[in-house]
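K.L.:
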Amino acid sequence: MSNVVISGSLIILVCLVQGSDEPFKVEIGRNNDVFDFKRIIKYENLNDFSKIDIDKFKLWKLNKPVPSEDIEELLKITFQDNKNLKLLVGTNDIADYWPEDQTPQRKHIHVIVELSDSISAGRKRTFDESLLIDNSNAICKGLLQKFEIIPRKVCELQQLINAPLLRKLPVTSDEEKIYPELDEFVCTNDDERRSTIAKIISTALCSTIDRRFSGNQSESMLHYPLDAMITVPLETFNRFLGGDLPIEIDRAKRPDFLCWVKNLLIFKGEEKANANDLDMAINELVEKFSVLDPVFFDKIQYMICYAAAGSSIRFYAIDGSEGAVKQLTALTNSLNASNHLDRITILRTIINIARIVLTISDDIPSTILPLSKRRKLGHSFITFYADSIEKRVLKADLPYSEDLNSRIQFLESMYQYAKGYPGLVQIKKGPVFTKGVYKIVMKTRGIPCMLRTDDELREMA
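So for the sequence shown, the working numbering puts the first residue at 3; every next one is plus one.
#1: What number of angstroms, rounded off, separates the C-alpha of residue 87 from the C-alpha of residue 62?
#2: Taking only the alpha-carbon atoms, compute the straight-line gap between residue 41 and residue 96 and give it to the nearest angstrom.
#3: Out of curiosity, what's the CA-to-CA distance linking residue 278 and residue 184?
#4: Can you give me the start and stop residues for the beta strand (DSSP E) that residue 43 sits inside?
#5: Between the beta-carbon of residue 439 and the beta-carbon of residue 377, is there less than 7 Å?
#6: On the three-state DSSP scale, how would you describe residue 189?
#7: Is the distance from the Cβ of residue 316 to the Cβ of residue 167 below 7 Å?
#8: Since residue 429 and residue 419 should fall inside the 8 Å C-beta cutoff, what is the C-beta to C-beta distance between them, to a whole number of angstroms?
#9: With a Cβ-Cβ cutoff of 7 Å, do residue 353 and residue 145 count as a contact?
#10: Which same chain residues end up closer than 7 Å to residue 206 when comparing Cβ atoms and leaving out the 5 residues on each side of it in sequence?
#11: Residue 465: buried (16+ other C-beta within 10 angstroms of its C-beta) or exposed?
#12: Leaving out five residues on either side along the sequence, give the residues of the same chain with a beta carbon under 7 Å from the beta carbon of residue 139.
#13: So is residue 455 buried or exposed if we call it buried at 16+ other beta carbons inside 10 Å?
#14: Rounded to whole angstroms, what's the CA-CA distance from residue 196 to residue 246? Just pull it up for me.
#15: Where DSSP assigns a beta bridge to residue 305, which residues make up the other side?
#16: Could you give the residue range of the beta strand (DSSP E) that holds residue 377?
#17: Locate the alpha helix (DSSP H) running through residue 394, then write down its first and last residues.
#18: Could you tell me whether the Cβ atoms of residue 283 and residue 309 are closer together than 7 Å?
#19: Compute the Euclidean distance between the alpha carbons of residue 209 and residue 111, then round it to the nearest angstrom.
#20: In terms of DSSP beta bridges, what is residue 262 paired with?
#21: Please report how far the alpha carbon of residue 66 lies from the alpha carbon of residue 80, in whole angstroms.
#22: So, with DSSP's three-state summary, where would you put residue 17?
#23: What residues in its chain sit with their C-beta under 8 Å from that of residue 106, if we drop five residues either side in the sequence?
#24: Please list, in chain order, all residues of the same chain as residue 94 whose beta carbon is under 6 Å from its beta carbon, the five residues on each side excluded.
#25: Here's the rule: buried if 16 or more other CB atoms are within 10 angstroms of the residue's CB, otherwise exposed. What is residue 306?
#26: What did DSSP end up calling residue 437 once you bin it into helix, strand or coil?
#27: Could you check the C-alpha separation between residue 357 and residue 152 for me, to the nearest Å?
#28: Where are the alpha helix (DSSP H) runs, 4 residues long or more, that stay fully inside the segment 133-201, in chain order?
#29: So does residue 409 have its beta carbon nearer than 6 Å to some heavy atom of the ligand FMN?
#30: Between 266, 441, 436 and 285, which has its C-alpha nearest residue 360's C-alpha?
#31: Quick one: using the 10 Å Cβ neighbour count with 16 as the cut-off for buried, is residue 336 buried or exposed?
#32: Express the C-alpha separation of residue 30 and residue 39 in angstroms, rounding to a whole number.
#33: Using C-beta distances below 6 Å, list every residue in its chain close to residue 194, excluding the 5 sequence neighbours before and after it, in chain order.
#34: Please report the distance separating the alpha-carbon of residue 457 from that of residue 355.
#35: From this set, 117, 443, 20 and 261, which residue's C-alpha is nearest residue 55's C-alpha?
#36: If residue 281 sits next to residue 272, beta carbons under 8 Å apart, how far is it from one beta carbon to the other, in whole angstroms?
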């Protein structure tokens, strides 16, 4: 899989590898560049092509596309002084060659893939099989090591979040040469350029990310570039480290990003499409989190978070300790995700968050209630929030479902009667029945505890 995000209007180009008689289709966006085009060809289209380095082939546009039935004309094509061929330059966009007013003809060949001499002779090549091994596991272990202290307070986070990388980040396509300012942080080498981690880092640095931010008016579309820098790296670390990094990520709820470690909500994000709405995203970070309840956080007195608006992003910590003077503490400067150096800072921050998770994971008790994560308990689906609890039951699992309306009216009157009485359930919203689901939101929560004395029992009554 190429991990290339399609950008701009989609077009389909039919390609033919030099010396081959089997054309193949590539779907690409006009705002993608030629490097993206080559990555898609390398990782998605030809089984044997995936073993060939990107710098070992060139792409040529046929100025006059050739009908598929005339494919024999292309089997012995020459590249020198061929006026029907135009070399596709890696940094150029696809739109530079196929603009909006030029739709590629169907059933025609549009692109010739030229292989280097060492590969094109019979398209046979011997490989050092060791070069094909995915070294992502070793890379993860080099990047992600536990910190020496277990951070439990916000004041202990700042230094850890901004810790330098333990090694350079692997990339696939000489990004350190394409962007010389990144030479201190990334490197391309044969042992690692084929690894999953290298592909992910290169995708996070590619020019497609910039275009995803420009003119974006949709929060859902903002997911794509942010996922490349936040969600995908974290999920990949989890994939290769397994139980050592026990995280769960949810992109389907509000706020826009939630990440738990062993039921502890450790990391969340608020995202806005408009760059002018950054303050709104920041304000939404701390809504309902004046104090981090030990029921959900135990001894961890902070939650790491980020606010993003357009290409602007900043990382914070919510200080949940009692008596905290400043509830929201900035962990990084404001970062511009369209800037490559700032993008490295975002990746470094995510790596250090993963290191923090590694460090605290063994110290998290199993009794923590999972904040904002829906759980199935019997026939009910329960979600704990900071100030309420939501219960959902499917119609098929409801008792007396044949007389549903009268049952809901009875429950509604019962909850209404209980209003204001200490020790009784207080309703925030509902009960309602819609789309086959019974739903009620309650203000009170159950707290797991063991009563040891009569005084404790009287206090709970």
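Virtual Cβ for every residue (Gly too), placed ideally from N, Cα, C.
P.N.:
Reading off the structure:
#1: 6 Å
#2: 13 Å
#3: 29 Å
#4: Per DSSP, residue 43 belongs to no beta strand (DSSP E) and is neither H nor E.
#5: no
#6: strand
#7: no
#8: The Cβ separation is near 11 Å, so there is no contact.
#9: yes
#10: 230, 231, 345 and 349
#11: Since the displayed the chain opens at 3 and closes at 463, residue 465 lies outside it and no answer follows.
#12: 242
#13: exposed
#14: 24 Å
#15: 320
#16: 376-379
#17: Looking at the DSSP string, residue 394 is not in any alpha helix (DSSP H); the run it does join, the beta strand (DSSP E), is 391-396.
#18: yes
#19: 27 Å
#20: 250 and 267
#21: 15 Å
#22: strand
#23: 13, 14, 15, 16, 67, 100 and 112
#24: 36
#25: buried
#26: coil
#27: 11 Å
#28: 138-145, 159-163 and 177-180
#29: The model on display carries no ligand, and the ligand FMN is accordingly not part of it.
#30: 266
#31: exposed
#32: 7 Å
#33: 137, 172 and 200
#34: 43 Å
#35: 117
#36: Between residue 272 and residue 281 the Cβ distance is about 11 Å, and since that is not below 8 Å, they are no contact.
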